[in-house]
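Asks: Residue numbers (the numbering used here): 48 to 350.
The beta carbon of each residue, even a glycine, is placed where N, CA and C say it ideally should be.
Note that the structure is a prediction, hence the values are computed from the model and not measured.
First the structure, then my questions, so here it is.
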Amino acid sequence: MQVHSSIRECFEAACADLQKTIQSAVRTLLEDKHLYQSVVVEADKAVGAHRLKVASEEAIRVRHFADVKNWAWYAEEVSTQFGRPGDDAFADQSLQWTAPSIRSYCSTCDRREPFNLASALNLFNRASGHVGGVVTAAGKTEVFSMSYICQGCKGPPEVFTIRRVGPKLTLCGRAPMEHVEVPRTIPASISRFFSGAVIAHQSGQTLAGLFLLRTLCEQWARLFASASDRADAALDAYMDGLPVDFKGRFPSLRTMYGELSEAIHSAYADTALFQATAQAITEHFEARKLYKLSDATPQVIRA
């Protein structure tokens, strides 16, 4: 805790720490969280680390920061036309913060790279009567839009939308869609089902994720069965073609398909099942690589 001798010094230091806290929370949200996940800005803790020596002045500080979670938090814009109306944190209950640089996956560079801020917008400031956000029962609500450019390739900007309600920041939009690192052992022909399942699950749509994992199992098995075979028959044909030792030691796509079907038919968004099945699918295809089983088409395999 820091004790200050003047009100202005205390307020400026407290606001500076709050700015850093918001920046850190935004960086965590954009780098580590997924769509519709959230982080909480510890605003009270940031400003509470600064106190005043004189009791009467300390009372002023307490009143000033009492509702800091519902202050307007203006993202510093590249164009200041719609930016924060005032610059004196001592005079009004608002704060301007600068969006941080981040690290994110770049599809052009095919790896995580540093990204620089290209633009930041306070979207509600463009709506008449909503400058500084909207006060709701849940807390001050604001929406920020930020675009970032890869330092390496300088390619098209990646755009993120953050919704703030009180101290909570939620990642509510991004373009392009988040990249998911698919295990290299999963064949390219079905990798989109795996990545789509992970994105759905991380976005809170676990039931859709279970369906995509089941689709992966079925579509892979169909490569080893007749075109007219139903899903169960295709899975039987695929599993029957595996080495006996393989089937006894490693996860079965047939078993996974059955467990996923049960959850889907009962509309049960089973998080534990999703995680276990994603791991089992990875292990199944790692085992195929270990056994040096071909990923060729059925015609080549049967020839």
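At which residues does the beta strand (DSSP E) containing residue 201 begin and terminate?
Replies: Taken as a continuous stretch (DSSP letters only), residue 201 belongs to no beta strand (DSSP E), as it is neither H nor E.
Asks: Could you tell me whether any Cβ in chain C is nearer than 8 angstroms to the Cβ of residue 227?
Replies: Going by chain labels, chain C is absent from the structure shown, which holds only one protein chain.
Asks: Do the CB positions of residue 98 and residue 105 come within less than 8 angstroms of each other?
Replies: Going by C-beta atoms, residue 98 is nearer than 8 angstroms to residue 105.
Asks: Given a threshold of 16 other Cβ atoms within 10 Å of its Cβ, counted over all protein chains shown, does residue 183 qualify as buried or as exposed?
Replies: Label assigned to residue 183: exposed.
Asks: Counting only runs of 4+ residues fully inside the stretch 261 to 309, write out the alpha helix (DSSP H) ranges in chain order.
Replies: The qualifying runs are 278 to 287 and 291 to 296.
Asks: In this structure, what does DSSP give as the bridge partners for residue 336?
Replies: For residue 336, which the question treats as bridged, DSSP gives no partner whatsoever.
Asks: According to DSSP, residue 167 sits in a beta bridge with which residue or residues?
Replies: Bridge partners of residue 167: 193.
Asks: So, with DSSP's three-state summary, where would you put residue 341?
Replies: Three-state result, residue 341: coil.
Asks: Starting from residue 100, follow its DSSP beta bridges and name the residues at the other end.
Replies: For residue 100, which the question treats as bridged, DSSP gives no partner whatsoever.
Asks: Which complete beta strand (DSSP E) runs does the stretch 48 to 79 hold, if anything under 3 residues is left out?
Replies: Fully enclosed beta strand (DSSP E) runs of 3 or longer: 49 to 51.
Asks: Applying the criterion that 16 or more other CB atoms from any shown protein chain within 10 Å of the CB defines a buried residue, is residue 172 buried or exposed?
Replies: The residue is buried, with at least 16 neighbouring Cβ atoms inside 10 Å.
Asks: For residue 187 and residue 309, I'd like the C-alpha separation in whole angstroms.
Replies: Whole-angstrom Cα-Cα distance: 43 angstroms.
Asks: Name the DSSP beta bridge partners of residue 162, please?
Replies: In DSSP, residue 162 forms a bridge with 149 and 197.
Asks: Return helix, strand or coil for residue 231, following the three-state DSSP convention.
Replies: The answer is coil: DSSP assigns residue 231 none of H, G, I, E or B.
Asks: Look up residue 154 in the DSSP assignment and say whether it is helix, strand or coil.
Replies: Residue state, collapsed to three classes: coil.
Asks: Tell me, to the nearest whole angstrom, how far the beta carbon of residue 195 is from that of residue 165; I am working on the premise that it is less than 8 angstroms.
Replies: Rounded, the Cβ-Cβ distance is 6 angstroms, consistent with contact.
Asks: Using a threshold of 8 angstroms, state whether the C-beta atoms of residue 76 and residue 168 are closer than that.
Replies: No, the Cβ-Cβ distance between residue 76 and residue 168 is not below 8 angstroms.
Asks: If you run the structure through DSSP and keep just helix, strand and coil, what is residue 85?
Replies: Strand at residue 85.
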